[in-house]
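Reviewing the structure listed below.
Numbering (the working numbering), first residue to last: 37 to 490.
Shown next as structure tokens:
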């Protein structure tokens with residue numbers, strides 16, 4: 037067919053109102069035979085035809101749109117794209133997966149990928165318009181996309197797919213990012229990816245999803261049991277202690293933890309040398325688990341008593357437990373900087389924020405951005421304590437934290453509190469005649485507050 041003939045046939049088909057198949061055939065013949073110049077010249081007509089077909093058969097219109105963009109990739113066809121999506125969500129056909137893939141590939145090289153185009157279209161529709169069948173299928177596909185594109189989806193909170201998820205989800209679906217991370221953990225668990233599931237549940241719990249706690253506890257208990265039967269009771273104690281704390285109603289976790297403690301104390305403890313801060317923290321944790329908080333404080337103070345007065349005012353004697361028996365001395369024989377685990381725990385138990393800040397400084401100096409994974413306490417608790425004693429150190433710790441902590445609700449609250457305290461210090465600098473120091477602190481506070489707003 038000649039160029040002119042293709043254009044003439046295409047224009048004739050546009051006058052056949054209500055008939056989809058002739059329009060589709062004419063469109064394909066036109067795209068196959070018309071010159072590039074004719075395609076560009078007829079963009080408006082092409083777009084109107086796709087819009088007309090979309091009102092009756094949106095999935096067919098989606099294939100037409102893909103053909104057009106394959107032939108004319110520089111054409112934007114915004115109205116046609118919006119029409120296809122707008123009608124597709126209210127009257128989906130039987131080929132949802134194929135249509136999604138077709139549109140995804142067709143739009144990936146354009147100015148608006150599919151997820152961005154859907155956000156634009158759905159943002160202008162009545163939320164009641166998309167039918168439930170489309171919402172369920174779209175939610176599943178968005179979750180699939182998140183898992184296909186990212187090894188750890190929760191670490192990419194700013195991607196459009198995360199913004200799209202609550203928009204396409206049907207009524208009754210999870211309402212927060214943390215709950216969706218938990219859902220991704222469930223999907224990982226269902227396919228047997230236990231490491232990925234554990235990571236997701238931990239992130240979800242840290243971001244405020246209470247439903248993730250028992251799920252994470254179960255996996256930690258399984259891992260703890262594996263370590264216990266595999267001959268490493270020290271690691272088993274840590275896993276099982278956390279499991280029991282996350283799900284205190286599950287008596288089996290507490291029993292497993294007691295068994296692990298007994299196995300560890302019955303022989304040489306694996307991986308923890310006597311005379312170290314780590315061994316002192318393990319011993320104190322055992323006392324805390326038994327409810328002997330005062331005994332744990334006395335043990336920590338005694339253990340640190342020989343390290344440059346780190347415990348501050350310790351009486352140098354081991355305390356007695358609830359039954360009056362003397363505890364092992366557990367005196368630490370390490371450089372002061374290496375005692376940060378014991379100082380973190382003792383400072384927290386005694387409400388000594390300055391001690392916690394000093395220990396956190398040594399922790400940061402040693403491990404840098406890995407401090408979150410090394411602290412024996414929750415990173416949120418460390419940040420909260422440090423903010424009150426040294427807000428500038430808290431800012432440094434926060435800036436070196438993972439994105440899910442830094443950008444979560446807790447991280448934003450810490451950033452705000454630290455910023456206000458830093459501003460107060462800056463005011464003091466001004467009063468003391470140190471304008472440069474005041475300016476530096478004001479800049480740091482502004483950066484923290486800007487991150488909070490973002």
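Positions of the beta carbon are idealized from the N, C-alpha and C atoms, including for glycine.
Let me make sure I understand the geometry here. Which of 436, 437, 422 has the alpha-carbon closest to that of residue 430? 422
Apply the 10 Å Cβ neighbour rule to residue 329 and answer buried if 16 or more other Cβ atoms are within range, or exposed otherwise. Residue 329 comes out exposed.
Neighbourhood of residue 205 by C-beta distance below 7 Å, restricted to the same chain and skipping five residues each side: 171, 175
When the Cα atoms are used, what is the spatial distance from residue 92 to residue 178? One C-alpha to the other measures close to 26 Å.
So which of 298, 481, 257 has the shortest CA-CA distance to residue 230? 257
Check whether the Cβ atoms of residue 480 and residue 450 lie closer than 8 Å to each other. no
Identify, in the order they occur along the chain, each residue of the same chain with its Cβ nearer than 6 Å to the Cβ of residue 135, setting aside the five sequence neighbours on each side. 95, 98, listed in sequence order.
In the DSSP assignment, find the alpha helix (DSSP H) that holds residue 334 and state where it starts and stops. 329–340
Distance, Cα to Cα, residue 379 vs residue 161? For residue 379 and residue 161, the gap between their C-alpha atoms comes out near 56 Å.
Buried or exposed: which applies to residue 142, given that a residue is buried once 16 or more other Cβ atoms fall within 10 Å of its Cβ? buried
Quick check for students: name the residue ranges of the alpha helix (DSSP H) that lie wholly in the segment 118–143, counting only runs of 4 or more. 132–143
Which of helix, strand or coil DSSP assigns to residue 410: helix
Going by the beta-carbon positions, is the gap between residue 151 and residue 103 smaller than 8 Å? Not in contact: residue 151 and residue 103 (Cβ atoms no closer than 8 Å).
When the Cα atoms are used, what is the spatial distance from residue 461 to residue 477? 8 Å
Which of helix, strand or coil does DSSP assign to residue 87? In this structure, residue 87 counts as helix in the three-state DSSP scheme.
Contact under 8 Å by Cβ, residue 232 with residue 260: Their beta carbons are not under 8 Å apart, which means residue 232 does not touch residue 260 by this criterion.
Ordered along the chain, which non-local residues of its own chain (more than five positions away) have a Cβ less than 6 Å from that of residue 396? Counting only Cβ-Cβ distances below 6 Å, and skipping sequence neighbours, we find 418, 422.
Outcome for residue 116 when other beta-carbon atoms lying within 10 angstroms are tallied against a minimum of 16: So residue 116 counts as buried.
Give the C-beta separation of residue 240 and residue 248 to the nearest angstrom, bearing in mind that I take them to be a contact with Cβ-Cβ under 8 Å. With a Cβ gap of about 4 Å, residue 240 and residue 248 count as contacting.
Along the chain, where does the alpha helix (DSSP H) that runs through residue 452 open and close? 445–467
Please say whether residue 455 and residue 426 have beta carbons closer to each other than 8 Å? No, the Cβ-Cβ distance between residue 426 and residue 455 is not below 8 Å.
Give the secondary structure of residue 372 by DSSP, where H, G and I count as helix, E and B as strand, and everything else as coil. helix
Span of the alpha helix (DSSP H) around residue 211: No alpha helix (DSSP H) contains residue 211, which DSSP labels as neither H nor E.
Rounded to whole angstroms, what's the CA-CA distance from residue 391 to residue 234? Just pull it up for me. 32 Å
Report the residue from 201, 194, 148, 336 whose alpha carbon sits nearest the alpha carbon of residue 118. 148
Which of helix, strand or coil does DSSP assign to residue 187? coil
Own chain partners of residue 200 with C-beta closer than 7 Å, once the 5 adjacent residues on each side are dropped: 151, 154, 155, 178
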